[in-house]
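Below is one structure, written out as structure tokens, with a few remarks after it.
Number of protein chains: 2
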Amino acid sequence: MSVTDELLANNALYAKSFAGPLPLPPAKQLAVLACMDARLNVYALLGLREGEAHVIRNAGGVVTQDEIRSLAISQRLLGTTEIILIHHTDCGMLTFTDDGFKDEVQQDTGIRPPWAAEAFTDLAADVRQSIARIKADPFIVHKDAVRGFVFDVADGRLNEVV
Amino acid sequence: MSVTDELLANNALYAKSFAGPLPLPPAKQLAVLACMDARLNVYALLGLREGEAHVIRNAGGVVTQDEIRSLAISQRLLGTTEIILIHHTDCGMLTFTDDGFKDEVQQDTGIRPPWAAEAFTDLAADVRQSIARIKADPFIVHKDAVRGFVFDVADGRLNEVV
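Chains A and B supply the protein sequences, listed in that same order. The first sequence runs contiguously to residue 548 in my numbering. The second sequence runs contiguously to residue 548 in my numbering.
Okay, here's the thing in structure tokens:
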């Protein structure tokens with residue numbers, strides 16, 4: 387049995403106690419942008435319930451064009467006004483460089499990725515850069531409530547980047 | 387008190403019963419790519435626990451360059467080999483068109499977004515297109531275990547797209 391099949395069995399159990407449909411717009415008018423890291427259970431670590439916040443995730447929790455797309459849709463069409471950014475300690479993005487990653491991919495495939503890998507060396511600095519990318523973007527409407535945090539994978543705490 | 391402050395209070399409670407650090411690579415060697423929709427609690431609906439799977443999310447659960455970046459990092463640096471794609475019923479991406487969204491943004495800001503909004507009209511067709519984008523990409527290594535689903539927000543079930 388594949389992992390996917392195992393998780394489909396879990397889903398059948400989840401559906402048995404499912405409460406039913408909720409409204410489409412996020413009830414807390416919030417969008418969270420976090421790293422894809424497996425240890426970040428975003429709903430649990432923020433105490434979010436189904437229907438409360440958009441959750442956007444990628445390698446690093448960085449802001450690229452696709453996160454701008456998601457945030458613009460979230461704010462313009464679905465009414466969110468606050469943004470929480472979450473990076474975390476022991477992040478994989480701290481373990482390589484863009485050039486090194488691209489070199490390896492090029493050696494393996496013969497093609498150099500045309501996109502940035504978005505590696506970083508300083509968690510807090512990259513949270514600040516992510517906030518700066520949002521503040522500088524012309525398509526995001528609400529920029530007054532954008533706060534960034536580093537989640538500590540050792541103790542489960544969010545520490546704000548100021 | 388802002389929503390963010392309220393959720394930080396939740397996080398303090400979460401940290402009190404936090405079990406401690408887990409390994410960086412996802413234990414189930416799985417990456418999930420799902421829509422950002424607030425009603426999709428990905429860990430709960432798949433029965434995932436902290437540390438088991440990368441979770442990538444965006445508006446629509448679509449595959450653009452940034453999801454390729456995340457999946458390539460997930461597979462090449464952190465050992466994942468299976469991919470689950472999740473779209474869902476009552477999705478916001480079904481409620482507008484790329485041209486219409488861009489027209490509105492241009493009217494509001496004076497600038498037409500240079501990126502696709504990635505709206506779609508058929509959930510299953512867009513799941514299939516997402517799988518096709520992954521299969522066609524030169525940078526993703528493992529493509530044999532890529533399966534796509536539509537989550538039903540009325541009953542909590544994942545229905546496979548075949």
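We put the beta carbon where it would ideally sit given N, CA and C, even for glycine.
query                                                                                                                                                                 : result
Just grab the DSSP bridge partners of A:Ala439 for me.                                                                                                                : A:Leu416
Tell me, which residues are paired with B:Cys421 by DSSP?                                                                                                             : B:Asn444
I need the straight-line Cα distance from A:Ile459 to A:Ile472, nearest angstrom please.                                                                              : 20 Å
Is B:Ile470 closer than 8 Å to B:Leu393 when the C-beta atoms are compared?                                                                                           : no
Using alpha carbons as the reference points, say which of B:Asp484, B:Ala439, B:Arg443, B:Lys488 lies closest to B:Gly465.                                            : B:Ala439
Can you give me the start and stop residues for the alpha helix (DSSP H) that A:Phe487 sits inside?                                                                   : 484–495
With 8 Å set as the bound, which would you pick, yes or no: does the beta-carbon of A:Ile459 sit closer than that to a beta-carbon of chain B?                        : yes
Just confirm the distance between the C-beta atoms of B:Ala505 and B:Asp538, as a whole number of angstroms; I'd bet it's less than 8 Å.                              : Between B:Asp538 and B:Ala505 the Cβ distance is about 20 Å, and since that is not below 8 Å, they are no contact.
Assuming contact is defined by CB atoms lying nearer than 8 Å, are B:Thr475 and B:Val536 in contact in what I supplied?                                               : yes
Pick out whichever of B:Gly437, B:Asn396, B:Ala413 has its Cα sitting closest to the Cα of A:Ala540.                                                                  : B:Gly437
Report yes if the C-beta distance between B:Met358 and A:Ile442 is below 8 Å; otherwise report no.                                                                    : In the structure as shown, chain B starts at 387 and stops at 548, and residue 358 of chain B therefore has no counterpart that could be examined.
In chain order, what residues of the same chain have a beta carbon less than 7 Å from the beta carbon of A:Ala510, not counting five sequence neighbours either side? : Val536, Val547
Mapping DSSP to helix, strand and coil, what is B:Glu453?                                                                                                             : helix
Suppose you measure from the CA of B:Ser456 to the CA of B:Met387; what does that come to, to the nearest Å?                                                          : 34 Å
Report yes or no: do the region 490–504 of chain B and the region 523–534 of chain B share at least 3 C-beta pairs separated by less than 8 Å?                        : no
Would you tell me roughly how many angstroms separate the C-alpha atoms of B:Thr450 and A:Asn397, rounded to the nearest one?                                         : 27 Å
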